[in-house]
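Trainee: Residue numbers (our numbering): 1310 to 1559.
The following block contains the structure:
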């Protein structure tokens, strides 16, 4: 069963190698295709990626002029192979835990009509570069958050949903997930930890109000869609908003 993982990259020389290694160690569990979209990096990100391609031809690198993460995700969707049956995502500074795909792919084998698995995520601030596990002194919390990497999506669902809304500067992932869950997609919510989400200064926007504003815009668009089409499902009981609100780094 072919799984394509889409990874946008922009100036992540320090992190992208570990992110790709975390995927490559799962090649025995799945027919893996890794689509890397280098969104105009000006550092050594592309060189790090190419060094791994030499030993892992399942990594496919595509480079484009910087256009932002939303356009990069859409570029990745355009590179899906005809034989791809499942799609997931991993950001270039996060880690895919060992056994992540093997655990959730069993759900698709049990139910061929399944559209989506949506698992949990662990927020961390330090990773062990050798084991690719949270460092012993890392702060962490495990929640069912809002993150594309928590999902494994059936190809048919991706095609029904369409691309990411390029009107979003951020929260394009929130908008995408809301559209999916509104659509009556058939899903299960395993307790698998799907990713280690690494918090660091580089993934914090310098415009402090942008994430909240874009998130609220995604919520507003969801409300407008549901008002216009009562057949759409109200999205509730999926995301751990309260736990996320209480998360603090010391």
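The beta-carbon is built from N, C-alpha and C at its ideal position, and this holds for glycine as well.
1) Is residue 1392 buried or exposed, if buried means 16 or more other CB atoms sit within 10 Å of its CB?
2) Closest by CA to residue 1353, which one among 1341, 1396 and 1326?
3) Just reading off the alpha helix (DSSP H) that residue 1428 is part of, what are its end residues?
4) By the 10 Å Cβ neighbour count, where 16 or more other Cβ atoms means buried, how is residue 1314 classified, buried or exposed?
5) Could you check the C-alpha separation between residue 1422 and residue 1540 for me, to the nearest Å?
6) Quick one: what's residue 1347 bridged to in DSSP?
7) Measuring CA to CA, which of 1412, 1357 and 1420 is closest to residue 1338?
8) Per DSSP, residue 1460 forms a beta bridge with which residues?
9) Within the chosen definition, does the stretch 1371-1391 reach the stretch 1333-1352 through at least 3 CB pairs nearer than 8 angstroms?
10) Quick check on residue 1521: buried or exposed, where buried means 16 or more other Cβ atoms within 10 Å of its Cβ?
11) On a CA-only basis, which of 1371, 1390, 1373 and 1364 is nearest residue 1342? Give me that one, please.
12) Tell me which same chain residues have a C-beta within less than 6 angstroms of the C-beta of residue 1485, skipping the five on either side of it?
13) Measure the C-alpha to C-alpha separation of residue 1538 and residue 1530 and round it to an integer number of angstroms.
14) Bridge partners of residue 1342, per DSSP?
15) Identify whether residue 1544 lies in helix, strand or coil by the three-state DSSP scheme.
16) Spatial neighbours of residue 1482 within its chain, please: CB distance less than 6 angstroms, with the 5 preceding and 5 following residues excluded, ordered by chain position.
17) Secondary structure at residue 1513, three-state DSSP: helix, strand or coil?
18) At what residues does the beta strand (DSSP E) containing residue 1394 begin and finish?
19) Measure the alpha-carbon distance for residue 1415 versus residue 1504 and round it to whole angstroms.
20) Could you tell me how far apart the beta carbons of residue 1402 and residue 1324 are, in whole angstroms, since I believe they sit closer than 8 angstroms?
21) Determine, using beta carbons only, whether residue 1477 and residue 1418 come nearer to each other than 7 angstroms.
Mentor: Per the coordinate set shown:
1) With a 10 Å radius around the Cβ and a threshold of 16 neighbouring Cβ atoms, residue 1392 comes out exposed.
2) When only C-alpha atoms are compared, the closest one is 1326.
3) Where residue 1428 is concerned, there is no enclosing alpha helix (DSSP H), because DSSP gives it neither an H nor an E.
4) With 16 or more Cβ atoms within 10 Å of its Cβ, residue 1314 is classed as buried.
5) Taking the straight line from one Cα to the other gives about 20 angstroms.
6) Beta-bridge pairing links residue 1347 to 1318 and 1372.
7) Cα-wise, what sits closest to residue 1338 is 1412.
8) Per DSSP, the beta-bridge partners of residue 1460 are 1427.
9) Enough Cβ pairs lie closer than 8 angstroms, so yes.
10) Exposure of residue 1521 is indicated by the presence of fewer than 16 other C-beta atoms within 10 angstroms of its C-beta.
11) Ranking 1371, 1390, 1373 and 1364 by Cα distance to residue 1342 puts 1390 first.
12) Closer than 6 angstroms at Cβ, skipping near neighbours: 1473.
13) Rounded to the nearest angstrom, the two C-alpha atoms are 12 angstroms apart.
14) In the DSSP output, where bridge partners are listed per residue, residue 1342 has 1313.
15) If DSSP states are grouped into helix, strand and coil, residue 1544 belongs with coil.
16) Residues of the same chain with a CB within less than 6 angstroms of the CB of residue 1482, apart from the 5 flanking positions on each side, are 1457 in chain order.
17) In this prediction, residue 1513 scores a pLDDT of 49, lower than 50, which makes its location untrustworthy; no coordinate-derived value is stated.
18) For residue 1394, the enclosing beta strand (DSSP E) covers residues 1393-1398.
19) Looking at the backbone, the Cα of residue 1415 and that of residue 1504 are separated by about 18 angstroms.
20) A Cβ-Cβ separation of about 4 angstroms places residue 1402 in contact with residue 1324 under the 8 angstroms criterion.
21) The answer is no: Cβ separation not under 7 angstroms.
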